[in-house]
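*Asks:* After the structure tokens below, expect a handful of questions from me.
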Amino acid sequence: MSAENGDGGEQGASNAVRNTMAAGAGCGCLLSPVVLLGTIVVVIVFGGLGVLLAPLIALILLFGGGGDSGGSSPEDQASQAVEIFNGDGKGTLDEDTVPDDLVDPIEKAGALCEAVGPIVIAAQVERESSFNASLVGPDGEKGLSQLPPDVFEKYGKDDDDNDKVSALDAADSVMAQGRYMCDLADQAQRAIDDGRARGTALDLALAAYDVGMDSVLAAKGVPSTAEAQGYVASIRAQFAKYAGVAAPPDGATPGVTPTPTDGSL
11 MSAENGDGGE QGASNAVRNT MAAGAGCGCL LSPVVLLGTI VVVIVFGGLG
61 VLLAPLIALI LLFGGGGDSG GSSPEDQASQ AVEIFNGDGK GTLDEDTVPD
111 DLVDPIEKAG ALCEAVGPIV IAAQVERESS FNASLVGPDG EKGLSQLPPD
161 VFEKYGKDDD DNDKVSALDA ADSVMAQGRY MCDLADQAQR AIDDGRARGT
211 ALDLALAAYD VGMDSVLAAK GVPSTAEAQG YVASIRAQFA KYAGVAAPPD
261 GATPGVTPTP TDGSL
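So this is what it looks like as structure tokens:
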């Protein structure tokens with residue numbers, strides 16, 4: 011995703027995260043709590059309110075030895091994390107990172123189209139609802155994927171075969187999310203091909219999921235706002251976890267990034 015989208019030239023949150031992560035990959039100093047704190051401050055400043063604490067804590071866990079490293083050195087994990095952060099999210103989902111009952115719908119939703127993988131779906135679900143299937147949003151959004159009611163009505167189906175279509179049904183919600191993301195990615199790719207937008211289809215689709223495709227097309231890419239850029243960055247910041255680069259600490263709930271109150275930090 012280009013940080014030059016829009017006329018303001020504002021540096022985007024995802025670009026800030028990429029730069030700080032890349033710097034960390036090149037030296038072991040990111041393991042220092044002081045430098046890590048500096049990284050968090052940079053992300054918050056550039057990302058604004060669009061970047062929530064969850065992805066930042068994921069970075070702490072990743073670079074601070076929050077789980078079983080699987081024999082990889084911190085430098086190797088950091089290098090992998092940078093690569094995955096900048097990637098397409100199409101890798102294999104680490105099934106241990108999501109609740110058992112959601113593995114199947116997330117993998118199915120991530121196989122609906124070429125542009126959107128299960129890692130993307132899982133990261134979005136955490137960002138939207140923290141895997142709370144009964145969550146109701148302020149504007150009537152419901153369920154794991156927090157789709158607006160009109161969007162769910164368009165893309166929702168009876169995916170769990172219980173003779174009803176409900177955003178509060180986990181499979182219905184996640185599969186509707188997958189269909190919607192695939193549609194957004196298709197619209198984004200057409201706009202890129204026609205020269206109406208810059209960036210990647212995935213980044214544009216993620217931004218459109220948060221702020222709407224009209225805003226993305228008006229900006230000719232990911233809008234240079236804290237909300238849009240921060241949303242894209244917050245999703246990408248979770249890719250490494252769901253790819254299994256760094257295992258969650260013992261006792262962590264699958265699909266939920268531990269917070270300091272969990273005693274993980």
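First residue of the sequence shown? That's 11 in our numbering, and the numbers climb one at a time after it. The beta carbon of each residue, even a glycine, is placed where N, CA and C say it ideally should be. Keep in mind the model is a prediction, meaning the values are calculated, not measured.
#1: Give every residue of the same chain whose Cβ lies closer than 7 Å to the Cβ of Ala207, excluding the five residues on either side of it in the sequence, and list them in chain order.
#2: Beta-carbon within less than 8 Å of Ala218's beta-carbon, same chain only, minus the 5 sequence neighbours each way: which residues are those?
#3: Do Val255 and Thr235 have their C-beta atoms closer together than 9 Å?
#4: State yes or no: is the C-beta of Gly120 within less than 9 Å of the C-beta of Pro109?
#5: Determine the DSSP secondary structure at Lys118, reduced to helix, strand or coil.
#6: With 16 other CB atoms within 10 Å as the buried threshold, where does Thr102 fall?
#7: Rounded to a whole number of angstroms, what is the C-alpha to C-alpha distance between Ala181 and Leu112?
#8: For Leu157, list the residues DSSP reports as bridge partners.
#9: Please classify Gly205: is it buried, with 16 or more other beta-carbons within 10 angstroms of its beta-carbon, or exposed?
#10: With a Cβ-Cβ cutoff of 9 Å, do Ala3 and Thr107 count as a contact?
#11: What do you get for Lys174, buried or exposed, if any count of 16 or more other CB atoms within 10 angstroms of its CB means buried?
#12: Excluding the 5 residues flanking Leu145 on each side, which residues of the same chain have their C-beta closer than 6 Å to its C-beta?
#13: Could you check the C-alpha separation between Asp168 and Leu212 for me, to the nearest Å?
#14: Does Val146 come out as helix, strand or coil in the three-state DSSP assignment?
#15: For Asp170, which of Leu122, Asp114, Ala88 has the nearest alpha-carbon?
#16: Measure the CB-CB distance between Lys152 and Ala177 and report whether it falls below 9 Å.
*Replies:* For this structure:
#1: Ala198, Ala201, Leu214, Val226, Leu227, Lys230, Gly231
#2: Leu194, Gln197, Ala198, Ser225, Val226
#3: no
#4: no
#5: helix
#6: exposed
#7: 8 Å
#8: Lys152
#9: exposed
#10: Coverage of the chain is limited to positions 11 through 275, which leaves residue 3 absent and any answer about it impossible.
#11: exposed
#12: Ser139
#13: 26 Å
#14: strand
#15: Asp114
#16: yes
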